[in-house]
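Below: the structure, in structure tokens.
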Amino acid sequence: MYGGYQGRYEPKIYVALFDDPEPAARAVEVLREIGIEDRLIQIQSGVPWKPEVLGRPIKASAVPKYGLVGAGVGFLTSIALYFGTPALYPLRVGGLPLFAMPPAFVLIFELTMLGLIVASFLGVLFESLLPPVVGKRVYHPEVSDGAIAVFFQVPAILLDRVKEALQQVGASEIEPVEGSFV
Amino acid sequence: MHSKTTLPAELHGQVEELRKEHLLIDVRPREEMNRMVLEAMEDTSREWKWAMAFLGLVTVVTLFGAWAYLMSTGMGLAGIRRPIFWGLFIVSFVFWIGISHAGTFVSAILRVFKAEFRRPFTRAAELMTTFALMGAGLYPLIHLGRTWRFYWMVPYPNQRWLWPNFRSPLVWDFFAINTYLIGSTLYLYLPLIPDLAMARDKSTGWRKKLYTILSLGWRGTEEEWRHLTKAIQIFAWAIIPVMFSVHTIVSWDFAVAMKLGWHSTIFGPYFITGAILSGIAAVGSVLYLVRTTMKNMTYFIRPEHFDTLGKLLLIISMGWTYFFFNEFILEWYGGEHTVKEIIRFYTRGDIAPVWWLMVICNIFIPWAVLWNRNWRRKPWVMFLMGLIVNVGMYAERYVIVTGALSRNRIPFDWGWYQPSLVEISIAFGTFTLFLFMYGMASRLIPLIPVWEVEEGHHAHSLRKVGKTVVPSVADLE
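Going down the list, the protein sequences come from chains A and B. First residue of the first sequence? That's 228 in our numbering, and the numbers climb one at a time after it. First residue of the second sequence? That's 5 in our numbering, and the numbers climb one at a time after it.
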């Protein structure tokens, strides 16, 4: 009896599939009305939809911060290379200055940009947790075919209500899935 | 989104015409587009296998074989002799760096400006950038002669007391090309991840394993898209100045030298315009090959795309002509004795056939052909234009590199460059290497960015204005 009680309240992840962003956005609204928080909803799609389109909270990406840090590292590396190494290994050519500024800009520019680019790429991987290290994550392969998959975590006690509401807004399929959001 | 039912019945004829013309109006389900792209990738027919085997073999013999022969025998095999120390290797190096501007220009610049027509062929162009840079990167190694000494360029404390001289443009080249290669490869890879995930979901066997690794577990969540699209924006903005810097620095390899015919303040923009010209021309040729040799590509790559590439080519050709004439007329007006001799040598001397070939291929033919919309829309015409312009651009580099070195201040120091068979073989080998790598990649990665095309489908709709119907674009990016 106690186990049954637990089962009714233990949340599970389900997925509802939609063909268009409009019903998917309505589904998000419906789930919110039922009491499912935004953090318990995840949307997967085959194209990038702005959060405004799907009625999702607007969040800023942290990737530019990675880029900035990378650019900083690249900048400092270029300074160390350009000014540090000739000081350690002086190469005197025809009375030319060891530390000429115009050529320094070339190296500074290239390494700063390299740092920015590489760090932005790494930023995407870190922030998106790609590739996954442990555990199975929820996914529906129809996303590749253009479906919009709305994943939501709901206790069994609310499931029938949620299913009915989602079918009303046009969900083509609602089924349980294994795995976690992240 | 493009439903004909919302438009009056009498406009259906116009709608059909628009669909035939514009890819982004001609909506097909994502599932079907996925199938079309995968079918094209998996079509490894006998003809394709023979073509790849032939290209691979030719590359091994003409490029790697000749290079090995050159290394084992010595640089004396090359035609470079005093005073012409730079020959076909440097010409080819500059040429391939130029081709590498294709991807960045077509993809990054058009992405920044949200030019919708770019969508189906950005990846085909980006792939060219990566492979062209790989080809270009071989030449400094080949030109070294003793290639195995390459690590002397790497700055690390060593007993040789040798250190890269950061004041040398050759070292700038090293940094600029590596930055561009890494940047453009990542820029190719990032937008590819969602399409690799699609391929993962649809493939079986070794392909599934390969795409599972390459797609990094992509699922298309909001988080993933948010970070990916932000990074693509950053890349598009960052790669443009890097692209400009690469060919500017290549031009400085020449311009910083106190060499008449090279020491010019206009060489940076002149080289960049030339690089973009050859890059766009090459995109036209490659798109034709992709369209005619791969299944289902006539749906994705249409006359409208060749038309816009043709317009771009014409405009860039005009830009190149402007810089070319600017460079030419100022040197001609200067009246400096040796410069006058260089100009005579270019226009009436032994190298004149190459110089005139450059003028005809880069100015006369494009201007005569590309003003005409009907010709621009013919894929085979754009294929030929691509080849012609690139012959012209190769000739331009040949004239600049070897022509200017042939004439110096005192006639004692004049010379004539005759490329050797080994040099010609190696230069030819990089063309087959490029085609080989491109041909292999076309069967391994989705050449069409399906998600970007679908995004374009969502953004486009038809709108009735007065008595007609016109395409309309929503800003969904």
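Just so it is clear, CB atoms sit at the ideal spot from N, CA and C, and this is done for glycine as well.
- In the three-state DSSP reduction, F239(B) falls in the helix class (H, G or I).
- Counting other Cβ atoms within 10 Å of its Cβ, V255(A) reaches 16 or more and is therefore classed as buried.
- Against chain A, the CB of E226(B) has a partner CB under 8 Å away; the residue lies at that interface.
- Counting only Cβ-Cβ distances below 9 Å, F379(A) has no contacts in chain B at all, with the closest Cβ about 13 Å away.
- Secondary structure of K299(B) (DSSP, three-state): coil.
- Scanning the stretch 312 to 396 of chain B from its first residue to its last, no whole beta strand (DSSP E) run of 3-plus residues comes out.
- Classified as exposed, R319(A) has fewer than 16 neighbouring CB atoms from the shown chains inside 10 Å of its CB.
- Around the beta carbon of Y309(A), 16 or more other beta carbons lie within 10 angstroms, which makes this residue buried.
- Listed along chain A is no residue with a C-beta nearer than 8 Å to that of E43(B); the closest approach is about 15 Å.
- Taken atom to atom, the span from the alpha-carbon of A478(B) to that of H464(B) is near 6 Å.
- For P250(A), no chain B residue has a Cβ inside 8 Å of its Cβ, as the nearest lies near 14 Å away.
- Beta-bridge annotation (DSSP): L244(A) is paired with A376(A) and E400(A).
- Runs of alpha helix (DSSP H) with 4 or more residues, each lying fully within the stretch 11 to 79 of chain B, are found at 16 to 25, 34 to 46, 50 to 63 and 70 to 77, listed in chain order.
- Proximity of chain B to S407(A) at the Cβ level (cut-off 9 Å) is not reached, the minimal Cβ distance being about 12 Å.
- Secondary structure of Q422(B) (DSSP, three-state): coil.
- Residue contact check for E46(B) against chain A: no CB pair falls below 8 Å.
- The C-beta distance from P124(B) to W455(B) rounds to 12 Å, too long to meet the 8 Å contact threshold.
- With contact defined as three or more Cβ pairs closer than 8 Å, the stretch 318 to 338 of chain A and the stretch 194 to 209 of chain B are not in contact.
- Take R295(B), set aside five residues on each side of it, and the residues of its chain with a beta-carbon closer than 7 Å to its own are M301, T302, I305 and P383, in chain order.
- Residue range H464 to V469 is occupied by the beta strand (DSSP E) that includes R467(B).
- Taking 8 Å as the threshold, the shortest C-beta distance from R253(A) to chain B does not fall below it.
- Residues of the stretch 361 to 395 of chain A with a C-beta atom less than 7 Å from some C-beta of chain B are R364, Y366, P368, V370, S371, D372 and G373, listed in chain order.
- The way I'd put it, the stretch 56 to 65 of chain B doesn't touch the stretch 212 to 222 of chain B; fewer than three beta-carbon pairs between them come closer than 8 Å.
- Contact of P159(B) with chain A is assigned, a C-beta pair being separated by under 8 Å.
- Around the beta-carbon of A180(B), 16 or more other beta-carbon atoms lie within 10 Å, marking it buried.
- Within the same chain, M202, K206 and V454 come within 7 Å of N38(B) by CB-CB distance, once the 5 residues on both sides are set aside.
- Chain order gives the chain B residues near A327(A) as R171, where near means a beta carbon separation below 7 Å.
- Under the three-state reduction of DSSP output, I146(B) falls in the helix class.
- Scanning chain A for C-beta atoms nearer than 7 Å to the C-beta of V246(B) yields M340, reported in chain order.
- Residue contact with chain A for A242(B): present (Cβ-Cβ distance below 8 Å to some residue of chain A).
- Using a Cβ distance threshold of 8 Å, E331(B) and Y274(B) count as a contacting pair.
- A285(B) does not reach chain A, its nearest Cβ partner there being about 27 Å away, counting only Cβ pairs nearer than 7 Å.
- Contact between the stretch 343 to 356 of chain A and the stretch 289 to 309 of chain A is established, with three or more Cβ pairs separated by less than 8 Å.
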